[in-house]
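So the sequence shown is numbered by this note's numbering: it starts at 1 and just counts up by one.
Structure, as structure tokens:
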Amino acid sequence: MDYHILREFADSWVLLAMFVFFVGAVIWALRPGSRKEHRDTADIIFRHEDKPAEKEART
1 MDYHILREFA
11 DSWVLLAMFV
21 FFVGAVIWAL
31 RPGSRKEHRD
41 TADIIFRHED
51 KPAEKEART
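What follows is the structure, given as structure tokens:
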């Protein structure tokens, strides 16, 4: 394979594949059902703010 062939392939199809992957990742992150999951993940550090976690919850 020649460098120029690889360069043309990367400029066309790989760029398109990366763009499709990026759009898919954005759509997946902003999908309607993900709000609860994102909120739960954001609140992890505040879960046991009032009292320490129970022993069985730590493991």
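Where is the CB? At the ideal position from N, CA and C, for every residue including glycine.
Only a predicted model underlies this, so the values are computations on that prediction, with no experimental measurement involved.
{"Query": "So for residue 54, helix, strand or coil by DSSP?", "Result": "coil"}
{"Query": "Can you tell me which of the three DSSP states residue 40 falls into?", "Result": "helix"}
{"Query": "List the endpoints of the continuous alpha helix (DSSP H) containing residue 8.", "Result": "3-9"}
{"Query": "Helix or strand or just coil, what does DSSP make of residue 35?", "Result": "helix"}
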